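Down below is the structure, laid out as structure tokens.
In the UniProt record's numbering, the protein residues as written are 1 to 341.
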């Protein structure tokens, strides 16, 4: 007997942020809401197992996807996949559910894919999560050091394997310091988000401060519920924030000072991005990110090179019978090299 499934995704809520900005905490908090459905985690495989969308199959240029990548067949396939994978907070599957589904989606790669996501989900509502850049950049550095967030184990960088998202221009960073790479990822994600959100109606996105999410949880969640057209969160759902599954060490506001010297050298280079973020915060009546006086010491990125041989030497070719570079442990042909019919 054919299963009856909801066939509509209504106003999906998509979280946008740089890596390590607290998006998992926000995702797991919002996923407590009784009206919210999720696929249980991030959508890396769901999206990138479509060959035309695979970062590996596309030559490792970047994780970016544009509107031109969302043809009718791809849109239909992805919407179907999200519907099939959707679960409620109790684990209820989309089987016989009547009505539309309010999907919650998050992965930092979404920062580089907003035009694509808008083509797939034209009525999407975006939540832009921002965090003190000192804390955020330091947390990205710690993520790299931990080895828990390796995304492309065949790409060598900063004395280890590439972690987190892959923005355009990453090849110029393979010989850079870890702090340079962390700043690059933070800035590339935020710049891409800001550039796209500026083109959207104000009612289609909301900006949320990580610090206010932690310190004023009930108020922030009430604002999100109103923005996303959800019923109010219950007191139980707003009282104690869950510890994110990807937390490396217990939260502490000054934890970034473990990398203080390296991080402060990067601040001069992010002034324009930070100013754009603060402008958006002020426009929405929120408190600006309070970053101490920027360090005047220059820390330029290494010069770009036109010698492609250096980059190519750092990226191994992938055979269909070898282990997939994404770190899943599966053979490439059964993972990012899978042929979807």
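In this text, a Cβ means the ideal position worked out from N, Cα and C, and glycines have one as well.
Keep in mind the model is a prediction, meaning the values are calculated, not measured.
Can you round the beta-carbon distance between residue i and residue j to whole angstroms, since I take them to be within the 8 angstroms contact cut?
| i | j | result |
| --- | --- | --- |
| residue 158 | residue 181 | 6 angstroms |
| residue 179 | residue 111 | So it is not a contact: roughly 20 angstroms between Cβ atoms. |
| residue 273 | residue 190 | 5 angstroms |
| residue 131 | residue 266 | Not confirmed; about 15 angstroms, so no contact. |
| residue 46 | residue 81 | 5 angstroms |
| residue 114 | residue 193 | 7 angstroms |
| residue 68 | residue 256 | Contact flag wrong, Cβ pair sits at about 38 angstroms. |
| residue 61 | residue 228 | Not quite, the Cβ-Cβ distance comes to about 33 angstroms (not below 8 angstroms), so this is no contact. |
| residue 232 | residue 222 | 6 angstroms |
Judging by CA-CA distance, which residue of the options is the nearest neighbour of residue i?
| i | options | result |
| --- | --- | --- |
| residue 73 | 120, 37 and 39 | 120 |
| residue 261 | 50, 138, 270 and 85 | 138 |
| residue 143 | 132, 165 and 130 | 165 |
| residue 342 | 41, 66 and 42 | Because the chain in this structure spans residues 1 to 341, residue 342 falls outside the shown range and cannot be described. |
| residue 371 | 13, 91, 8 and 20 | Lying before the first or after the last residue shown, residue 371 is absent from the chain, which here runs from 1 to 341. |
| residue 226 | 23, 33, 105 and 64 | 33 |
| residue 105 | 147, 160, 187 and 126 | 126 |
| residue 276 | 133, 234 and 114 | 133 |
| residue 75 | 289, 118 and 228 | 118 |
| residue 291 | 253, 50, 284 and 285 | 253 |
| residue 163 | 31, 152, 169 and 171 | 152 |
| residue 29 | 239, 203 and 204 | 239 |
| residue 167 | 31, 187 and 279 | 187 |
| residue 198 | 283, 90, 77 and 49 | 283 |
| residue 361 | 150, 270 and 77 | Examination of residue 361 is not possible in this model, given that the chain is present from 1 through 341 alone. |
| residue 263 | 41, 285 and 177 | 177 |
| residue 259 | 145, 50 and 218 | 145 |
| residue 202 | 281, 218 and 148 | 281 |
| residue 41 | 50, 54 and 85 | 85 |
| residue 83 | 148, 103 and 90 | 103 |
| residue 217 | 204, 149 and 237 | 237 |
| residue 147 | 31, 50, 155 and 160 | 160 |
| residue 367 | 25, 150 and 31 | Absent from the structure is residue 367, since the part of the chain shown begins at 1 and ends at 341. |
In terms of DSSP beta bridges, what is residue i paired with?
| i | result |
| --- | --- |
| residue 161 | 156 |
| residue 125 | 13 |
| residue 266 | In DSSP, residue 266 forms no bridge with anything. |
| residue 209 | 130 |
| residue 36 | 102 |
| residue 150 | 163 |
Given a cut-off of 7 angstroms on the beta-carbon distance, is the pair residue i and residue j in contact?
| i | j | result |
| --- | --- | --- |
| residue 15 | residue 27 | yes |
| residue 11 | residue 123 | yes |
| residue 43 | residue 107 | yes |
| residue 37 | residue 93 | no |
| residue 173 | residue 22 | no |
| residue 63 | residue 8 | no |
| residue 220 | residue 230 | no |
| residue 57 | residue 116 | no |
| residue 224 | residue 185 | no |
Should residue i be listed as close to the ligand SAH, given that the test is whether its C-beta is under 6 angstroms from any heavy atom?
| i | result |
| --- | --- |
| residue 88 | As far as ligands go, the structure on display features none, and thus does not contain the ligand SAH. |
Taking only beta-carbon atoms, is residue i less than 7 angstroms away from chain C?
| i | result |
| --- | --- |
| residue 14 | Among the chains of the structure shown, chain C does not appear; only one protein chain is present. |
Which residue spans inside the region 50-128 form an unbroken alpha helix (DSSP H) run of at least 4?
-> 72-85 and 114-120
Pick out the complete alpha helix (DSSP H) segments inside the region 170-195, 4 residues or longer, and give them in chain order.
-> Complete alpha helix (DSSP H) runs here, min 4: none at all.
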